[in-house]
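Participant: Position 55 of the sequence shown, counting from 1, maps to 448 under the working numbering, and the rest follow consecutively.
Idealized CB from N, CA, C, for every residue including glycine.
Note that the coordinates shown come from a computational prediction; the quantities given were computed from them, not determined experimentally.
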Amino acid sequence: MDGKERMRLAWKTLPGWGTVFSVLGVALSAICLTIGGRIYMEVQTEKSRPCEIKGSMAMDGDTIGKIRQMEAVLAISGVEDASGTILYGDYQASVHVIGVDAGYLKGEWLLGGAYPDETAMPYVALNEAAVKGFQDAKKAGIPEEKQPDWLSESFYLDGISSELRICGILKDGEEEARAYVSQGQWAGLSLGAGEGGARSFWVRLQKEGVKEQAVRDLAALGFQVTDQGESQAADWEIREERQFLYLGAGTFGLAWSLLLFGYQRRLCLALLAYEEKMFLWMGYRLNRKVAFWQWAMVILAGGALGVCAGWLLGI
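(1) With a 10 Å radius around its C-beta and 16 neighbouring C-beta atoms as the bar for buried, classify A612 as buried or exposed.
(2) Tell me which same chain residues have a C-beta within less than 7 Å of the C-beta of P541, skipping the five on either side of it?
(3) For I535, tell me which candidate among Q485, L467, G505 has the shortest Cα-Cα distance.
(4) Where does F594 sit, in a helix, a strand or coil, going by DSSP?
(5) Note the first and the last residue of the continuous beta strand (DSSP E) segment covering L467.
(6) Run through the DSSP bridge pairs and tell me what L421 is partnered with.
(7) Counting along the chain, where does the alpha helix (DSSP H) carrying A613 start and finish?
(8) Can you round the beta-carbon distance between E468 and Y508 to whole angstroms, since I take them to be within the 8 Å contact cut?
(9) Would you list the one or two residues that DSSP bridges to A475?
(10) Looking only at its own chain, which residues have a Cβ that is under 8 Å from the Cβ of L557, when we skip the five neighbours before and after it?
(11) Below 6 Å CB to CB, which residues in the same chain sit around A465 once its five sequence neighbours on both sides are set aside?
(12) Assuming W543 is part of the alpha helix (DSSP H), what are its boundary residues?
(13) Using CA atoms only, rank isn't needed, just tell me which of G643, L652, L614 is closest to G448.
(14) Please state whether the Cβ-Cβ distance between G500 and E473 is less than 8 Å.
(15) Compare the C-alpha of F594 against each of L417, K440, G454 and name the closest.
(16) How big is the Cα-Cα spacing for L647 and W704?
(17) For Q485, list the residues DSSP reports as bridge partners.
(18) By Cβ distance below 6 Å, which residues in the same chain neighbour S487 in space, the five residues on each side in sequence not counted?
(19) DSSP state of G429, grouped into three classes?
(20) Between L706 and the rest of its own chain, which residues show a CB-CB distance below 8 Å, the 5 nearest in sequence each way excluded?
(21) Determine whether the beta carbon atoms of L519 and I562 lie at a separation below 8 Å.
(22) Is K447 helix, strand or coil when you go by DSSP?
(23) For D483, is the classification buried or exposed, using 16 other Cβ atoms within 10 angstroms of its Cβ as the cut-off for buried?
(24) So what does DSSP say about L705, is it helix, strand or coil?
(25) Buried or exposed: D395, going by 16 or more other Cβ atoms within 10 Å of its Cβ?
(26) Considering only DSSP beta bridges, list what A518 is partnered with.
(27) For R571, does the count of other Cβ atoms within 10 angstroms reach 16, so buried, or fall short, so exposed?
(28) For C444, which of L544, E568, Q625 has the nearest alpha-carbon?
(29) Can you tell me where the alpha helix (DSSP H) holding G458 begins and where it ends?
(30) Would a C-beta distance cut-off of 8 Å place V596 and I446 closer than the cut-off?
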């Protein structure tokens with residue numbers, strides 16, 4: 394008996410409704426396993442991405458140098474921030490002005506690039522939200538035909554007479570309108586730089602997985618963490634609980650479905666005793682030669698349905 398004949402015989406001797414219920418059980422199990430696996434992959438991907446720690450410490454060049462040399466640290470920058478309004482003709486945009494080193498900026502540059510950290514010209518990098526935020530007195534945006542040449546036009550910061558030049562437009566993923574300037578230009582723009590005491594810093598780490606140890610190492614150097622991303626950690630914890638629930642339910646359902654199919658198959662073979670004797674006389678054992686194909690049909694059919702449905706449902 395060749396493979397095709399065994400498949401045909403396996404199909405004809407499947408235990409009827411028992412097979413249908415088993416396929417549905419495998420499909421439901423596969424849905425749970427797929428959703429649980431998808432949650433696991435998403436969380437692990439997010440944990441492997443670079444992350445940020447925000448905090449403050451007293452200005453100390455040696456300490457900053459030690460932080461830069463830490464294996465987990467990708468970048469560190471002192472940070473100043475203030476609210477401001479950028480003016481362009483009859484249009485203006487309310488922005489969060491942030492003084493930060495150019496090397497700390499991340500994202501896709503839609504136009505231009507980062508500013509030099511030390512320059513006589515007051516350069517500013519706008520994010521995409523700031524570009525879309527320009528409005529006139531009637532709250533109307535800049536029409537398409539009046540769009541400025543962003544990298545060559547003159548802009549102004551409300552309350553400051555010197556002109557600004559846009560060096561680049563950054564797609565940083567922030568919904569907040571932001572204008573980034575260099576640390577060297579901050580004092581010159583008279584935006585209220587901090588005086589003495591502890592200063593704010595942003596530290597970018599290689600991935601979330603090293604954050605806990607990095608926080609301890611930074612604290613040992615006198616860095617006072619103000620934002621450890623507790624909300625993100627809480628979200629991951631909730632999603633991981635759901636992941637274990639789905640994976641547990643899927644594993645239990647799969648085992649139950651396969652046991653049900655095994656029981657139905659044995660019952661079916663008992664009812665086909667005469668046919669089995671015929672196969673034995675011909676030199677074949679029905680319950681051994683065909684079993685593999687029957688189990689494969691149930692698992693493949695249910696698994697394919699479940700994986701497709703689980704992927705489409707998602708989370």
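Facilitator: The short version:
(1) Label assigned to A612: exposed.
(2) Close CB contacts of P541 within its chain, under the 7 Å cut and outside five residues either way in sequence, are with Y481 (chain order).
(3) Among Q485, L467, G505, the Cα nearest to that of I535 belongs to Q485.
(4) In the structure shown, F594 sits in a strand (DSSP, three-state: E or B).
(5) Where L467 is concerned, the enclosing beta strand (DSSP E) stretches over 466–471.
(6) Looking at the DSSP assignment, L421 forms no beta bridge with any residue, so it has no partner.
(7) Here the alpha helix (DSSP H) through A613 covers 604–613.
(8) A small fix is needed here, since residue 468 is Ala in this sequence, not Glu. Not really, about 16 Å apart at Cβ, beyond 8 Å.
(9) Looking at the DSSP output, A475 shares a beta bridge with V490.
(10) When the five nearest sequence neighbours on each side are left out, the beta carbons in the same chain lying within less than 8 Å of the beta carbon of L557 are those of I479, P515, Y516, V517, S547, F548, Y549, L550, in order along the chain.
(11) Same-chain partners within the cutoff: L598, Q599, V603, A607.
(12) Where W543 is concerned, there is no enclosing alpha helix (DSSP H), because DSSP gives it neither an H nor an E.
(13) The shortest Cα separation from G448 among G643, L652, L614 belongs to L614.
(14) Against a cut-off of 8 Å, the Cβ pair of E473 and G500 comes out as no contact.
(15) The candidate whose alpha carbon is nearest that of F594 is G454.
(16) Going by the C-alpha atoms only, they are around 18 Å apart.
(17) Looking at the DSSP output, Q485 shares a beta bridge with L480, Q528.
(18) Closer than 6 Å at the Cβ level, and outside the excluded window around S487, lie T478.
(19) In the structure shown, G429 sits in a helix (DSSP, three-state: H, G or I).
(20) Here the set comprises I424, I428.
(21) For L519 and I562, yes; Cβs fall inside 8 Å.
(22) Strand, per DSSP.
(23) Counting every other CB atom within 10 Å of its CB across the protein chains shown gives D483 a total below 16, marking it as exposed.
(24) The DSSP-derived three-state label of L705 is helix.
(25) Low per-residue confidence applies at D395: pLDDT is 48, beneath 50, and the placement is therefore not dependable, though the value from the model is reported in the following sentence. Counting other Cβ atoms within 10 Å of its Cβ, D395 stays below 16 and is therefore classed as exposed.
(26) Paired residue(s): G561, Y573.
(27) Answer is buried; the Cβ neighbour count reaches 16.
(28) Distance from the Cα of C444 is smallest, within the candidate group L544, E568, Q625, for Q625.
(29) Unbroken alpha helix (DSSP H) run through G458: 454–462.
(30) At a Cβ-Cβ threshold of 8 Å, V596 and I446 count as neighbours.
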